[in-house]
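Following this line, the structure appears as structure tokens:
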């Protein structure tokens, strides 16, 4: 997810510390804690599957592009960087397929894009 | 208020939400001509970095233009564009008290009987906005007036530039949608209208009878194609998972209400273009929200929640509108 989870959890930790202090206006405290709880719930929902999702997607996109997925490590930050590289190349491939009228290629790219939204779909997704 | 003395601010309280402006309510009391006065007011202040970057003068002017018309809005009182008083520009308005704005409350069950009335008022008011003459309202003095055949391009250019500057990662779905929009432009606007820019369930005040008492959040107001405003509410994310336009009624009913109120026509192909455009615009807003947090300009949790909750949902909405989901 963007922004990345570690940066957000760090911010939520500071938010909770501030709101643990006496003297915070109650409506502001309630609002801050409600939003913090919602962010924590989303982080919890995505945490276990985050690495698997990125590895699966990087393999799928690399396969579609005929590109060797770079093995930059298993940290989420490394997997995300590789994912961004590959999805940038996927945009180029999509543009090229449209320019040449390669409908089979376009169809395959749309299928991958649809799959990418299934991988990222949250339990609270509106669509 | 040059004649006022004993001016006192009390009950200052921040209102939740407000990712583009910080919003506070407070009570202002003062003495004038030997009499005590008090008013309940709203302060809207620019945050250090926003989910959307807009001119508060434009928002202020839009509210003022419609005050007292068939489009209910709170009364604007003062605008301060300098930073020295409260660190950031702000404006102050009268508070409309006793009403609700929350979509969650509206769709929580207690308002089911009045949802058709809310829908009637929602799209009738939007029709009034579309019908209004921007020149007669004086808004061409603060808003650029594009040619009728240039409305779509100006908006698309603006939001594509947001992706260019703000995206933290490639957006292959939104980029594909932008290419399609450029290759398949809509016909010229049938008239130049005021476009609220964020007219959706959640940005108006309603009561238990389903009446609407105030249209809020005009920070993206501009002049353009009236279909843009109609289509924003048809962005699938604003169905709130209910499968109805704005979570309220089938789209055809909403369009019929709007047509009656505005006196304007709705070309289905043009409406489709603007719905897809608004999906791209929505994604531009969520991308900008993430960027504001990443750059440290605004570390409010709402900036993250908007991005986490809606980036992928908006991608799915784009796919749905393009017939790819």
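Residue numbers (my numbering), protein chains in the order written: chain A, 212 to 338; chain B, 2 to 326.
Even for Gly, the Cβ is constructed at its ideal location relative to N, Cα and C.
Does residue i come out as helix, strand or coil in the three-state DSSP assignment?
i: residue 89(B); result: coil
i: residue 235(A); result: coil
i: residue 303(A); result: helix
i: residue 301(B); result: coil
i: residue 159(B); result: helix
i: residue 229(A); result: helix
i: residue 213(B); result: strand
i: residue 283(A); result: coil
i: residue 170(B); result: coil
i: residue 219(A); result: helix
i: residue 194(B); result: strand
i: residue 68(B); result: coil
i: residue 24(B); result: strand
i: residue 222(B); result: coil
i: residue 61(B); result: helix
Just how far apart, CA to CA, sit residue i and residue j?
i: residue 89(B); j: residue 61(B); result: 15 angstroms
i: residue 225(B); j: residue 203(B); result: 22 angstroms
i: residue 8(B); j: residue 38(B); result: 9 angstroms
i: residue 301(A); j: residue 241(A); result: 43 angstroms
i: residue 233(B); j: residue 24(B); result: 23 angstroms
i: residue 109(B); j: residue 122(B); result: 19 angstroms
i: residue 63(B); j: residue 222(B); result: 7 angstroms
i: residue 217(B); j: residue 195(B); result: 14 angstroms
i: residue 208(B); j: residue 99(B); result: 8 angstroms
i: residue 92(B); j: residue 66(B); result: 15 angstroms
i: residue 214(B); j: residue 68(B); result: 12 angstroms
i: residue 132(B); j: residue 13(B); result: 38 angstroms
i: residue 177(B); j: residue 169(B); result: 17 angstroms
i: residue 314(B); j: residue 4(B); result: 53 angstroms
i: residue 313(A); j: residue 270(A); result: 22 angstroms
i: residue 75(B); j: residue 248(A); result: 33 angstroms
i: residue 295(A); j: residue 164(B); result: 15 angstroms
i: residue 294(B); j: residue 307(B); result: 11 angstroms
i: residue 328(A); j: residue 128(B); result: 35 angstroms
i: residue 334(A); j: residue 119(B); result: 28 angstroms
Residues of chain A with a CB under 8 angstroms from the CB of residue i: which are they?
i: residue 142(B); result: Going along chain A, no residue has its Cβ under 8 angstroms from residue 142(B), so there is no contact; the nearest lies around 37 angstroms.
i: residue 313(B); result: 328, 331, 332, 333, 336
i: residue 325(B); result: 321, 324, 325
List, in chain order, every chain B residue whose beta-carbon is nearer than 7 angstroms to that of residue i.
i: residue 212(A); result: 309
i: residue 279(A); result: Here the premise fails: no neighbours, minimum Cβ distance about 19 angstroms.
Would you mind telling me which residues of chain B sit closer than 9 angstroms to residue i, beta carbon to beta carbon, in chain order?
i: residue 236(A); result: 13, 14, 15
Taking Cβ-Cβ distances shorter than 9 angstroms, what residues in chain A pair up with residue i?
i: residue 321(B); result: 338
i: residue 100(B); result: Those do not exist, as residue 100(B) stays about 17 angstroms from chain A at its closest Cβ, beyond 9 angstroms.
Going along chain B in order, which residues have a C-beta closer than 8 angstroms to the C-beta of residue i?
i: residue 243(A); result: 302
Determine, for residue i, whether the minimum Cβ-Cβ distance to residues of chain E falls below 8 angstroms.
i: residue 318(B); result: Absent from the structure: chain E. Protein chains present are A and B.
Residues from the stretch 56-67 of chain B in contact with chain A, defined by Cβ distance under 8 angstroms: Listed by position along the chain: nothing, the set is empty.
task: May I ask you to list, following chain order, the residues of the stretch 247-270 of chain A that have a beta carbon less than 8 angstroms from some beta carbon of chain B?
output: If you check each beta-carbon in the stretch 247-270 of chain A against every beta-carbon of chain B, the ones closer than 8 angstroms belong to 247, 249, 250, 253.
field: Positions along the stretch 233-251 of chain B whose CB lies within less than 8 angstroms of some CB in chain A
entry: Among the residues of the stretch 233-251 of chain B, those with a Cβ less than 8 angstroms away from any Cβ of chain A are 237, 238, 240, 241, 242, in the order of the chain.
- request: Anything in the stretch 291-304 of chain B with a Cβ closer than 7 angstroms to a Cβ of chain A? List those residues in chain order, please.
  value: If the cut-off is 7 angstroms between Cβ atoms, the stretch 291-304 of chain B has 291, 294, 295, 300, 302, 303 near chain A.
message: Please list, in chain order, the residues of the stretch 284-316 of chain A that have any C-beta partner in chain B closer than 8 angstroms.
response: Within the stretch 284-316 of chain A, the residues whose Cβ lies closer than 8 angstroms to some Cβ of chain B are 291, 294, 295, 298, 299, 301, 302, 305, 306, 309, listed in chain order.
- prompt: Along the stretch 165-178 of chain B, what residues have a CB closer than 7 angstroms to any CB found in chain A?
  reply: So the list reads 169, 170, 171, 173, 174, 176, 177, given in the order they occur along the chain.
message: Give me the subset of the stretch 219-233 of chain A whose CB atoms are less than 8 angstroms from a CB atom of chain B, sorted by chain position.
response: Of all residues in the stretch 219-233 of chain A, 219, 222, 223, 226 have a Cβ within less than 8 angstroms of some Cβ in chain B.
task: Entirely within the stretch 85-138 of chain B and at least 3 residues each: give me those beta strand (DSSP E) ranges in chain order.
output: Those beta strand (DSSP E) runs which fall completely within the stretch 85-138 of chain B and span 3+ residues are 91-95.
- prompt: Looking at chain A, which residues of the stretch 12-39 of chain B have a Cβ within less than 9 angstroms of any of its Cβ atoms?
  reply: Listed in sequence order: 13, 14, 15, 16, 17, 18.
field: In chain order, each alpha helix (DSSP H) run of at least 4 residues that lies wholly inside the stretch 256-317 of chain B
entry: Taken in chain order, the complete alpha helix (DSSP H) segments of 4 or more residues contained in the stretch 256-317 of chain B are 269-295.
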